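Participant: Top line first, the protein sequences correspond to chains A and B. The numbering used here puts the first residue of the first sequence at 90, with every later residue one more than the last. The numbering used here puts the first residue of the second sequence at 11, with every later residue one more than the last. Positions of the beta carbon are idealized from the N, C-alpha and C atoms, including for glycine. As the structure is a prediction and not an experimental result, all values here were calculated from the model. What follows is a single structure, and I will ask about it in a moment.
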Amino acid sequence: MQNAPDERDLVRRASQGDEAAFELLMRAHESRMYAVALRMCGSREDAQDCLQEAMLRIYRAVSNFKGQSSFATWTYRITMNTCLDELRRRKLRTATSLDVLLDTGWSPTDEGETPEQHSIASEQRRMLEKAIADLPEDMRAAIVLRDVQGFSYDEIARMLEANVGTIKSRISRGREKLREVLVRQPELFGRYPV
Amino acid sequence: MNEQEGCRWFDQNLNAYLDGELDREARERMNEHAASCLACGQKLETMTRLLTMCAELDEGLTAPLEAQAAWRKAVRTEAESRRRKRRTGAWAQGIGWIAAALTILTVSTAMFRQGVTVPPAVLNEYSGRTPSGVVSPPMDYSPAGTGEAQDSGKLSLKSDGPLDNTGVSQDQPVADTQTAKQSQVIIRSASRNLESTAYDTDSQSIDNLVDEYEAYYESDSQSGQPIQPGESTGRQRDMTIRVPSDSLDEFLTGLDVIGTTTYKNQTAQDVSSGYFDANARLDALKAQRDQINKLISTTTDLNGIVALQDKFYDIQAEIDQLEGGIRGWDSKADYSQVDVHMTEVPVRNQVQPVGDTLTQRIRTGFFDSVNWLSGFLQDMAVVLAAAAPVLVVLIPLIVLIVIIVKVVRGRRRR
Numbered sequence: 090m091q092n093a094p095d096e097r098d099l100v101r102r103a104s105q106g107d108e109a110a111f112e113l114l115m116r117a118h119e120s121r122m123y124a125v126a127l128r129m130c131g132s133r134e135d136a137q138d139c140l141q142e143a144m145l146r147i148y149r150a151v152s153n154f155k156g157q158s159s160f161a162t163w164t165y166r167i168t169m170n171t172c173l174d175e176l177r178r179r180k181l182r183t184a185t186s187l188d189v190l191l192d193t194g195w196s197p198t199d200e201g202e203t204p205e206q207h208s209i210a211s212e213q214r215r216m217l218e219k220a221i222a223d224l225p226e227d228m229r230a231a232i233v234l235r236d237v238q239g240f241s242y243d244e245i246a247r248m249l250e251a252n253v254g255t256i257k258s259r260i261s262r263g264r265e266k267l268r269e270v271l272v273r274q275p276e277l278f279g280r281y282p283v
Numbered sequence: 011m012n013e014q015e016g017c018r019w020f021d022q023n024l025n026a027y028l029d030g031e032l033d034r035e036a037r038e039r040m041n042e043h044a045a046s047c048l049a050c051g052q053k054l055e056t057m058t059r060l061l062t063m064c065a066e067l068d069e070g071l072t073a074p075l076e077a078q079a080a081w082r083k084a085v086r087t088e089a090e091s092r093r094r095k096r097r098t099g100a101w102a103q104g105i106g107w108i109a110a111a112l113t114i115l116t117v118s119t120a121m122f123r124q125g126v127t128v129p130p131a132v133l134n135e136y137s138g139r140t141p142s143g144v145v146s147p148p149m150d151y152s153p154a155g156t157g158e159a160q161d162s163g164k165l166s167l168k169s170d171g172p173l174d175n176t177g178v179s180q181d182q183p184v185a186d187t188q189t190a191k192q193s194q195v196i197i198r199s200a201s202r203n204l205e206s207t208a209y210d211t212d213s214q215s216i217d218n219l220v221d222e223y224e225a226y227y228e229s230d231s232q233s234g235q236p237i238q239p240g241e242s243t244g245r246q247r248d249m250t251i252r253v254p255s256d257s258l259d260e261f262l263t264g265l266d267v268i269g270t271t272t273y274k275n276q277t278a279q280d281v282s283s284g285y286f287d288a289n290a291r292l293d294a295l296k297a298q299r300d301q302i303n304k305l306i307s308t309t310t311d312l313n314g315i316v317a318l319q320d321k322f323y324d325i326q327a328e329i330d331q332l333e334g335g336i337r338g339w340d341s342k343a344d345y346s347q348v349d350v351h352m353t354e355v356p357v358r359n360q361v362q363p364v365g366d367t368l369t370q371r372i373r374t375g376f377f378d379s380v381n382w383l384s385g386f387l388q389d390m391a392v393v394l395a396a397a398a399p400v401l402v403v404l405i406p407l408i409v410l411i412v413i414i415v416k417v418v419r420g421r422r423r424r
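In C-alpha cells, the structure reads:
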C-alpha cells in the first residue's frame, strides 16, 4: 500500500523529531483512534489516557516506520496494542464504566427523530455499547475494527497480528454474541424502525 | 437440499453475505432461503440491523478537546526532552573531548618534567640540548635544606704526570670538564643539636649510623661527667661527620630519631660558577705550561731557557693551587659536613622537640603545593607551545574525520 506523498513527507519530518509535522500527520487519525480506544476501554477517561499513550508510542517509533504497511494500519496496530496493554494492566470492568458514557451525554441526534424516537435510539445505542464492552477482548477488538470502524479483514489481521481466518472467526462469534444480547431486548430491538 | 441443510448453509454463509463477499448467485440463494425460512429470515434481519447500528455507533464522534490538547502537550514535552538530551549529549561530548585533551596535556607535561625522551620540538626549548636527545635535569636547585641531593659534580681529577723529555706532560686522563660543565657543584652541610637522656645508647646509635652510611668522623670530642641527680646537664659530645652526599638525607633522617633534636640547620652552597671558572683557568694554564715546555725543549738560548723555566714554575704553582682548590671542592661536594652537638640531660628537663607545629606543616604543605602547581602550569604552557605546530595540523584533520563519519552515518540511516 502506498502512502500519499504529503503523508510520506510528514512521516519523514516527524521521524526527524518535527512535532508540528507529527501533529499534522495524526490529525487525520486522532478521532478514529479515540473511538477505538473508547470502545475498547469502555470509559472516556481511559480512552483519553490510551489515546495519549498511543500517540507518544507512535511519536517515539515513527522513525522506525518502514512503509511495509500503510501508515494508518501501523498507527491503529499501536493504538490497539496500547488499549490491550491498558486493559490487561487495569483489568477494567467495562460494565460499570458505562455510567460515564451515559454522563457524557454522547448521543448523536437525527434531525428527523421525535423525542420518543431519540430516547429509544439512545437506549438501543447504550445496550449495544454495553454488549460490545462485555465481549471478550479479542472479539471486541475484531468487532470494533470491522463493524464499527469499517477496516478490511486484511488490515485488521495486520493490526491484530493474526491471520485473516482467525479474524473472521472472532468476528463471526462476536456478531453472534451481540445478536443474542440484542434479541433478548425485544421491546427495544423490535421498535427499531425498519 | 432439505430445510435443515439449507439453514446450515445459510448460517455458514451469513457473515460472508453481510460482508459482501458472496457472488450474485449465492446472494440470491441466501435471499430466497431467508424469504422462505422464518428463523433464518429473522436472523438475517437482526444481523443486518446490528451491523447498521454498529456502523452508526461512532458516526460524528470526535476526540474531546481536552484529549486532543493532552496528547499534543505530551508529544511536545517528549520532543523538548529529546532536544534537551541531544544538547546535554553534545555538551557531554564536548566535555569529553576537553577532558581527553587535558588528560593528554597533563600526561605530556608530567613526562616532560620527568625528563622522559620527548620530541626534538620540545628539546629546542632548552639551550642545554644534548645530542642523545635526553633532556638534562633542570639546573634550578633550591637550597631550602630539604631538597634532594643534586649530582655533586664528582670529578675524577688525577694528579698531573711528570714532565717527560719531550716536554709534554704525561697527564693521566683528567676530569671530563665538558661533563663537569654540564653539572652543578653543590656543597651541602648540616648542623644538629641533640639532647639525650640515654647518652651512651644515643652515642652508640650515632656511631652505628656513621658506619652504616660509610661516613667518617672528621673530628669527635667529648667533655663533661655523667649527669647526676639535680644537675641540668651532663656529658657533651661534639662531632664533625663527613657523610657521602648521596646518603646525606637518609643519614639526617636517621640522626633525627636519636635523642631529641633541639636545633637543626641545613645549607647548600652552589660553587658551580667558581668551580667551572677554576677548571677553565686550569685548562688554560695547562695549555700554557705545555707550550712553555715545548719552547724549553726547542730553545738553545740559555737565558731564554731560564726565563721560560721561571715562568713554567709560576704557572705550575698556580696549577697546583687551582687543583688543590678543585680537589677541596670535590671533597666537600662528595662528602657533606654534618656538625652534631649532643648534650646529656635528665629526663624531666627534656626540651620539647623542635619541629613544625601543625599550623606550620599545613602552611608549608599549602605553599609547596602552590609552588608545585605554578611550576606544573608553566611546564604545561611550554609543552602546549611546543606542540602547537603539530596541533594546528592535527585538530582540523580530526574535525574533518568526525564530520565525514557523521555524514556517512546520516546517509546510511536515511
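1. When the Cα of Tyr-273 of chain B is compared with those of B:Glu-31, B:Leu-332, B:Val-348, which residue comes out closest?
2. Would you say Ile-260 of chain A faces chain B, with C-beta separation under 8 Å as the test?
3. Going by the beta-carbon positions, is the gap between Glu-228 of chain B and Ile-251 of chain B smaller than 8 Å?
4. Counting only beta-carbon separations shorter than 8 Å, does Gln-157 of chain A have a partner in chain B?
5. Report yes if the CB atom of Ala-103 of chain A is closer than 8 Å to the CB atom of Tyr-123 of chain A, and no otherwise.
6. Regarding Asp-221 of chain B and the ligand ZN, is the C-beta to nearest heavy atom distance less than 7 Å?
7. Any Cβ of chain D within less than 8 Å of the Cβ of Phe-111 of chain A?
8. If we cut at 8 Å on Cβ distances, does Glu-96 of chain A have a partner in chain B?
9. Do you know how far the Cα of Gln-370 of chain B is from the Cα of Glu-328 of chain B?
10. How would you label Asn-12 of chain B, buried or exposed, when you count the other beta carbons within 10 angstroms and need 16 or more for buried?
11. Mind checking if Met-144 of chain A is an interface residue toward chain B, Cβ cutoff 8 Å exclusive?
12. Does the beta carbon of Glu-244 of chain A come closer than 8 Å to any beta carbon on chain B?
13. Whole angstroms is fine: what's the gap from Asp-210 of chain B's alpha carbon to Ser-282 of chain B's?
14. Let me see if you follow: with CB-CB separation under 8 Å, is Gln-65 of chain B close to chain A or not?
15. Please say whether Leu-28 of chain B and Met-57 of chain B have beta carbons closer to each other than 8 Å?
16. Do you know offhand how far Asn-203 of chain B's Cα is from Ala-343 of chain B's?
17. What does the Cβ neighbour count give for Ile-167 of chain A, buried or exposed, with the cut at 16 atoms within 10 Å?
18. From Ala-143 of chain A to Glu-76 of chain B, what does the alpha carbon distance come to, in whole angstroms?
19. Taking the alpha carbon of Lys-321 of chain B as the reference point, which residue from B:Gly-334, B:Arg-337, B:Leu-219, B:Lys-304 has its own alpha carbon closest?
20. Give every residue of the same chain whose Cβ lies closer than 8 Å to the Cβ of Asp-95 of chain A, excluding the five residues on either side of it in the sequence, and list them in chain order.
21. Thr-98 of chain B bridges to which residues according to DSSP?
22. In whole angstroms, give me the CA-to-CA distance for Leu-407 of chain B and Ala-251 of chain A.
23. Tell me which same chain residues have a C-beta within less than 7 Å of the C-beta of Arg-121 of chain A, skipping the five on either side of it?
24. So, is the C-beta of Ala-84 of chain B closer than 8 Å to a C-beta in chain A?
25. DSSP on Val-267 of chain B, reduced to helix/strand/coil?
26. Is there a Cβ from chain B that is less than 8 Å from the Cβ of Asp-192 of chain A?
27. Kindly say whether Leu-99 of chain A, judged by its beta-carbon, lies nearer than 8 Å to any beta-carbon of chain B.
28. Would you identify the three-state DSSP class for Gly-420 of chain B, choosing helix, strand or coil?
29. Please compile the residues from chain B whose C-beta is within a distance smaller than 9 Å of the C-beta of Glu-108 of chain A.
30. On the three-state DSSP scale, how would you describe Val-393 of chain B?
31. Does the Cβ-Cβ distance between Arg-264 of chain A and Asp-227 of chain A come in under 8 Å?
32. Assuming Ile-221 of chain A and Leu-267 of chain A make a contact with CB atoms under 8 Å, what is their CB distance in whole Å?
33. In whole angstroms, what separates the C-alpha of Ile-147 of chain A from that of Glu-112 of chain A?
34. Would you say Ser-120 of chain A lies against chain B (beta-carbon separation less than 8 Å)?
35. Taking the continuous alpha helix (DSSP H) assigned at Pro-204 of chain A, which residues delimit it?
36. With 9 Å as the C-beta to C-beta threshold (strictly closer), list the residues of the region 206 to 223 of chain A near chain B in chain order.
Facilitator: Checking against the coordinates, here is how it stands:
1. By one-based count along the second sequence, residue 273 of chain B stands at place 263. Ranking the options by Cα distance to Tyr-273 of chain B, first place goes to B:Val-348.
2. What you label residue 260 of chain A is simply residue 171 of the first sequence in a count that begins at 1. Yes - at least one Cβ of chain B is within 8 Å of the one on Ile-260 of chain A.
3. Start at 1 with the first residue of the second sequence, and residue 228 of chain B comes out as number 218. Start at 1 with the first residue of the second sequence, and residue 251 of chain B comes out as number 241. It is a contact, given that the beta carbons lie within the stated cut-off.
4. If you number the first sequence from 1, residue 157 of chain A lands on position 68. So no, Gln-157 of chain A is outside the interface.
5. Here residue 103 of chain A refers to the residue found at position 14 of the first sequence. Here residue 123 of chain A refers to the residue found at position 34 of the first sequence. Going by C-beta atoms, Ala-103 of chain A is not nearer than 8 Å to Tyr-123 of chain A.
6. Inclusion of the ligand ZN in the displayed structure is not the case, the ligand content being empty and no account of it being possible.
7. Included in the structure are the protein chains A and B, with no chain D among them.
8. Stepping through the first sequence from its first residue, residue 96 of chain A is reached at position 7. So no, Glu-96 of chain A is outside the interface.
9. Against the second sequence, residue 328 of chain B aligns to sequence position 318. Against the second sequence, residue 370 of chain B aligns to sequence position 360. Computed Cα separation, rounded: 50 Å.
10. Residue numbering aside, residue 12 of chain B sits at position 2 when the second sequence is read from its first letter. Classification for Asn-12 of chain B: exposed.
11. The residue given as residue 144 of chain A occupies position 55 in the first sequence. Chain B contact via Cβ: present.
12. For the purposes of this step, residue 244 of chain A is taken as residue 155 along the first sequence, with counting starting at 1. No, its Cβ sits nowhere closer than 8 Å to a Cβ of chain B.
13. Within the second sequence, the letter at position 200 stands for residue 210 of chain B. Within the second sequence, the letter at position 272 stands for residue 282 of chain B. Rounded to whole angstroms, Asp-210 of chain B to Ser-282 of chain B spans 41 Å at the Cα level.
14. For the purposes of this step, residue 65 of chain B is taken as residue 55 along the second sequence, with counting starting at 1. Residue identity check: residue 65 of chain B is Ala in the sequence provided, not Gln. So, interface residue.
15. Along the second sequence, one-based indexing puts residue 57 of chain B at 47. Along the second sequence, one-based indexing puts residue 28 of chain B at 18. Result yes, Cβ atoms of Met-57 of chain B and Leu-28 of chain B sit closer than 8 Å.
16. As a position in the second sequence, residue 203 of chain B is number 193, starting the count at 1. As a position in the second sequence, residue 343 of chain B is number 333, starting the count at 1. Using only the alpha carbons, I get a separation of about 23 Å.
17. Residue mapping note: residue 167 of chain A aligns to position 78 of the first sequence, counting from 1. The residue in question, Ile-167 of chain A, is buried, as its Cβ has 16 or more Cβ neighbours within 10 Å.
18. Position 54 of the first sequence, counted from the first residue, corresponds to residue 143 of chain A. Position 66 of the second sequence, counted from the first residue, corresponds to residue 76 of chain B. Cα to Cα, the separation comes out at about 16 Å.
19. In the second sequence, counting from the first residue as 1, residue 321 of chain B sits at position 311. Each of B:Gly-334, B:Arg-337, B:Leu-219, B:Lys-304 was checked against the Cα of Lys-321 of chain B, and the nearest Cα belongs to B:Lys-304.
20. The residue labelled residue 95 of chain A in the question sits at position 6 within the first sequence. Taken in chain order, the list of residues that qualify is empty.
21. The sequence position of residue 98 of chain B within the second sequence is 88, counting from 1. Paired residues: none, contrary to the question.
22. On the second sequence, position 397 is the one that residue 407 of chain B refers to. On the first sequence, position 162 is the one that residue 251 of chain A refers to. Spanning the two alpha carbons is a distance of roughly 54 Å.
23. Residue 121 of chain A sits at position 32 when you count from the first residue of the first sequence. Counting only Cβ-Cβ distances below 7 Å, and skipping sequence neighbours, we find Gln-238.
24. As a working mapping, residue 84 of chain B is identified with position 74 in the second sequence. It does: the Cβ of Ala-84 of chain B has a partner Cβ on chain A nearer than 8 Å.
25. To locate residue 267 of chain B, count along the second sequence from 1; it is residue 257. In the structure shown, Val-267 of chain B falls within a coil segment according to DSSP collapsed to helix, strand and coil.
26. Looking up residue 192 of chain A in the first sequence gives position 103. Because the pLDDT of Asp-192 of chain A is 40, which lies under 50, any placement of that residue in the model is unreliable, and the question is left without a value.
27. Residue 99 of chain A sits at position 10 when you count from the first residue of the first sequence. With its beta carbon at least 8 Å from every one in chain B, Leu-99 of chain A lies outside the interface.
28. Within the second sequence, the letter at position 410 stands for residue 420 of chain B. Per DSSP, reduced to three states, the secondary structure at Gly-420 of chain B is helical.
29. For the purposes of this step, residue 108 of chain A is identified with residue 19 of the first sequence, where counting begins at 1. By Cβ distance, chain B contributes Arg-82, Val-85, Arg-86, Glu-88, Ala-89, Glu-90.
30. Counting from one through the second sequence, the residue named residue 393 of chain B turns up at place 383. Secondary structure at Val-393 of chain B: helix, using DSSP grouped into helix, strand and coil.
31. Reading the first sequence from its first residue, position 175 is the one you call residue 264 of chain A. Reading the first sequence from its first residue, position 138 is the one you call residue 227 of chain A. The answer is no: Cβ separation not under 8 Å.
32. Working through the first sequence from its first residue, we reach residue 221 of chain A at position 132. Working through the first sequence from its first residue, we reach residue 267 of chain A at position 178. Yes, Ile-221 of chain A and Leu-267 of chain A are in contact; Cβ-Cβ is about 7 Å, under 8 Å.
33. The residue you call residue 147 of chain A lines up with position 58 of the first sequence. The residue you call residue 112 of chain A lines up with position 23 of the first sequence. Approximately 11 Å, taken between the alpha carbons.
34. As a working mapping, residue 120 of chain A is identified with position 31 in the first sequence. In terms of beta-carbon proximity, Ser-120 of chain A lines the interface with chain B, with at least one pair separated by less than 8 Å.
35. Here residue 204 of chain A is taken as the residue at index 115 of the first sequence, counted from 1. Going by DSSP, Pro-204 of chain A is part of the alpha helix (DSSP H) stretching over 204 to 223.
36. So the close ones are Gln-213, Arg-214, Leu-217, Glu-218, Ile-221.
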